[in-house]
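1 is the number of the first residue of the sequence shown in the UniProt record's numbering; add one for each residue after it.
Yeah, the Cβ is synthetic: ideal placement off N, Cα and C, and Gly gets one too.
Fair warning: this is a prediction, and the values are worked out from it, not measured in the lab.
Working notes, structure below.
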Amino acid sequence: MEELEKLLIEEIEAKIETTFSYQFHEKNFFDREKFQLLIANVNKIANYYISNGRTENYKKIAAGIIDRFEYILCCFYWHLAPNDLCSIINYNDIKDEISDYCYKMRELTDKLIL
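In structure tokens:
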């Protein structure tokens, strides 16, 4: 589980160029495959916490993932706001999937914190 927690902390910190969070924040690019991997990893860690209890990294990971998810949701909104500079460069490619992404993030947030 340590490796999975390490990967999630890297996503939260968004300092490594190959992470979904870095590409989304710094490059304004929503990488579907990396997002699906992030979702799968959050699901795995939530299942682990449910089955085995929380680790010492739980608070950092839970707060960080919730913050990342909130940021993604805000970016979807900001992209459409006429007076905002936020722009997702491949928005047209993902726009039909956004409601599914939002649902998955909300579902996992519940699972992670309950």
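Rounded to the nearest angstrom, the gap between the Cα atoms of Asp93 and Ser99 is 13 Å.
When secondary structure is reduced to three states using DSSP, Met1 falls in the coil class, being assigned neither helix nor strand. If the five residues before and after Leu7 are omitted, its C-beta is found closer than 7 Å to the C-beta atoms of Asn41, all from its own chain and listed in chain order. Counting only runs of at least 4 residues, the segment 42 to 69 fully encloses no alpha helix (DSSP H) element at all.
Annotated three-state conformation of Cys86 is coil, per DSSP.
Contact between the segment 12 to 20 and the segment 57 to 72 is present: three or more C-beta pairs spanning the two stretches fall below 8 Å. In the DSSP annotation of this structure, the continuous segment of the alpha helix (DSSP H) that includes Asp93 starts and ends at 91 to 94.
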